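S.K.: Just so we're aligned: the sequence shown equals residues 1 to 388 in UniProt numbering.
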Amino acid sequence: MRVLMLSWEYPPFVVGGIAAHVDGLAHAMARLGHEVVVCTLQRHEPGSPPVADDEIVDGVRVLRASADLPWLPEDDIVARMASANHQLVGMTAHLGSWRPDVVHAHDWLVAWAGDTLKAVWGVPLVATIHATERGRHGGHLPPGMPAAINAVEWWLTYQAREVIACSRFMVREVVSGFELPVEKVHLVPNGVDPSRWQQPGGTAEREPLVVAWGRVQYEKGFQVLVRAIAELRQRVPGVHCIIAGRGTYLPELQTQIDVEGVTDIVDLAGFVPDDELHRILRRAGCVIIPSLYEPFGIVALEGMAAGAPTIVARTGGLAEIVDGTGAGLLFEPGNHHDLADRISSVLTDPALAASMTARAAELIDDHYTWDAIAATTLDVYGTARRTA
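(1) Which residues mark the beginning and the end of the alpha helix (DSSP H) in which Ser-195 is found?
(2) Near Met-81, which residues of its chain fall below 6 Å by C-beta distance, leaving aside the five closest residues on each side in sequence?
(3) Between the alpha carbons of Arg-385 and Trp-155, how many angstroms are there, rounded?
(4) Extract the residue ranges of the beta strand (DSSP E) inside the stretch 73 to 108, only unbroken runs of 3 or more that lie entirely within it.
(5) Taking the alpha helix (DSSP H) that Gly-177 belongs to, which residues open and close that run?
(6) Since Pro-189 and Tyr-368 are thought to touch, with beta carbons under 8 Å apart, how far apart are those beta carbons, to the nearest angstrom?
(7) Using 8 Å as the threshold, is the stretch 130 to 145 in touch with the stretch 25 to 45, meaning 3 or more CB pairs across them?
(8) Expressed to the nearest angstrom, what Euclidean distance is found between the alpha-carbon atoms of His-21 and Ala-360?
(9) Less than 6 Å between C-beta atoms, sequence neighbours within five positions excluded: which residues of the same chain meet that for residue 391?
(10) Tell me which residues share the same chain as Val-78 and place their Cβ nearer than 6 Å to its Cβ, disregarding the 5 neighbours each side in the sequence.
(11) Here's a check: name, in chain order, each residue in its chain whose Cβ is nearer than 6 Å to the Cβ of Gly-16, leaving out the five neighbours to either side.
(12) Might you give, ordered along the chain, the residues of its own chain that have their beta carbon closer than 7 Å to the beta carbon of Tyr-249, omitting 5 neighbours on each side?
(13) Can you tell me which of Ala-67, Val-36, Arg-282, Pro-50 puts its alpha carbon nearest to the alpha carbon of Ile-56?
(14) Starting from Glu-35, trace the beta strand (DSSP E) in both directions and tell me its first and last residue.
(15) Short check: CB of Lys-184 to CB of Val-163, under 8 Å?
(16) Quick check on the DSSP output: the alpha helix (DSSP H) that includes Arg-385 runs from which residue to which?
(17) Starting from residue 390 and walking both ways along the alpha helix (DSSP H), at which residues does that stretch end?
(18) DSSP three-state call for Thr-248: helix, strand or coil?
(19) Assuming Leu-125 and Val-103 make a contact with CB atoms under 8 Å, what is their CB distance in whole Å?
(20) Could you check if Asp-264 is buried or exposed, using at least 16 other CB atoms within 10 Å of its CB as the buried criterion?
(21) Hey, quick one: how far does the alpha helix (DSSP H) through Phe-222 stretch, first residue to last?
(22) Is the CB-CB distance between Gly-285 and Glu-207 below 8 Å?
(23) Just to confirm, are Val-62 and Ala-30 a CB contact at a threshold of 8 Å?
(24) Suppose the cutoff is 8 Å on Cβ atoms and the five residues either side in sequence are ignored; what does the same chain contact list for Asp-274 look like?
(25) For a minimum of 4 consecutive residues, which ranges assigned as the alpha helix (DSSP H) are wholly contained in the stretch 243 to 297?
(26) If you run the structure through DSSP and keep just helix, strand and coil, what is Trp-213?
(27) How about Glu-294: is its C-beta nearer than 8 Å to some C-beta of chain C?
(28) Under three-state DSSP, which class holds Ser-355?
(29) On the criterion of 16 or more Cβ atoms from any shown chain inside 10 Å, does Arg-387 qualify as buried, or is it exposed?
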């Protein structure tokens, strides 16, 4: 099958989980013998080497369109993304006579390009909704930008032939939020490539080091982790925490770290390259995903794949991954006392930590390999083509 995937982020430009998802899925499909093209946006990060706008990476062709749109206001993300989508469509001219059998749009940020290209080529559009704006705001839609984004999400799910969501939680949210027929929405979880997270030479000696990473936004719950670390200072000797990632909540998070008096044991590391993150995870006593809202939580799989005992909030897709498996511990979202208790248990009980990592490895092998995720996604493509 010939597949065109659209994603606003793709390695080496990584903001959240979409980049990892599209990268893993595209390469798994290529390994299965399918022709995959990813069309994404070009980013010029300070200090980073330039990236080609048309290249083949491990069997996947990647087209990168310019996203440099200085004439639009920085705070109007809908206008900026709508304009950038014109650039995405323009990049497909590089494909010449090649045409896909299906177009796969990942989230609302590429909705316009997906809808245009399905019409240009006369092929079905499949959309994956990785999260919703309503969900990010606790089930409510504030006026302004959130309402505008919600409207684009609704339109994308209407225009798509089939819709994919990454957890049962997200399937329910998408069906009810966008008033979709149940049979139109398919459950396809995220996956992980353990070989990318396992370090040569095995795991180093674990330290009382707590690690979390991702987009630094309020709904990711890093503020809950900071409060838990403040509580653990007197309970776990030598406890230390690294929070890696960028986002708009960083100033508020730094203020909270200062107020809690934990500037000496909590580091905001900013963007951390994969190889450095992997080295940190080799030493980590545990990985924390403290989200208040989380449709799936690919970072949970990444932490498990790295062999680090993993603790997650009992919310959304995170709970579905861990609950009843023994592969991780759960805590009530927003409850820093509960989180502190879970962290203390893992850091002070080596037998518990070892059991969690062993079960996590089994869980990934059984349910979350990219080859399995790709096969399920290809079934959705087949449905889209049959019903087109």
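C-beta atoms are modelled at their ideal positions from N, C-alpha and C, and glycine is treated no differently. Quantities reported herein were computed from a predicted structural model and do not represent experimental measurements.
M.R.: Taking the definition as stated:
(1) Note, Ser-195: alpha helix (DSSP H), 194 to 197.
(2) Closer than 6 Å at the Cβ level, and outside the excluded window around Met-81, lie Leu-109.
(3) Their backbone Cα atoms lie some 20 Å apart in a straight line.
(4) Whole beta strand (DSSP E) segments, 3+ residues: 102 to 106.
(5) DSSP places Gly-177 in the uninterrupted alpha helix (DSSP H) bounded by 168 to 177.
(6) With a Cβ gap of about 6 Å, Pro-189 and Tyr-368 count as contacting.
(7) In short, these stretches do not touch, since the Cβ pair count stays below three.
(8) Their Cα atoms are separated by approximately 19 Å.
(9) In the structure displayed, the chain extends from 1 to 388; residue 391 sits before or after that span and is not available.
(10) Correct list, in chain order: Ala-148.
(11) Excluding residues up to 5 positions away in sequence, Arg-215 lie with their Cβ nearer than 6 Å to the Cβ of Gly-16 in the same chain.
(12) Within its own chain, the residues whose Cβ lies closer than 7 Å to the Cβ of Tyr-249, once the five positions on either side in sequence are excluded, are Val-216, Gln-217, Tyr-218, listed in chain order.
(13) With respect to the C-alpha of Ile-56, the residue from Ala-67, Val-36, Arg-282, Pro-50 having the closest C-alpha is Val-36.
(14) That run of the beta strand (DSSP E) goes 35 to 42.
(15) Yes, these two residues count as a Cβ contact at 8 Å.
(16) Boundaries of the alpha helix (DSSP H) harbouring Arg-385: 370 to 387, taken from the DSSP string.
(17) Residue 390 is absent from the model: the chain starts at 1 and stops at 388.
(18) Coil, per DSSP.
(19) The pair is a contact, with the Cβ atoms about 5 Å apart (cut-off 8 Å).
(20) Asp-264 sits exposed, since fewer than 16 C-beta atoms from the chains shown fall within 10 Å of its C-beta.
(21) That run of the alpha helix (DSSP H) goes 222 to 232.
(22) Contact flag set, yes.
(23) Contact flag unset, no.
(24) Taken in chain order, the residues that qualify are Arg-196.
(25) DSSP runs (the alpha helix (DSSP H)) wholly in the stretch 243 to 297: 250 to 260, 274 to 283.
(26) Three-state DSSP puts Trp-213 in a strand.
(27) Looking at the structure shown, chain C is missing, and only one protein chain is on hand.
(28) The answer is helix: DSSP assigns Ser-355 an H, G or I state.
(29) Correcting the residue identity first, residue 387 is Thr in this sequence and not Arg. Classification for Thr-387: exposed.
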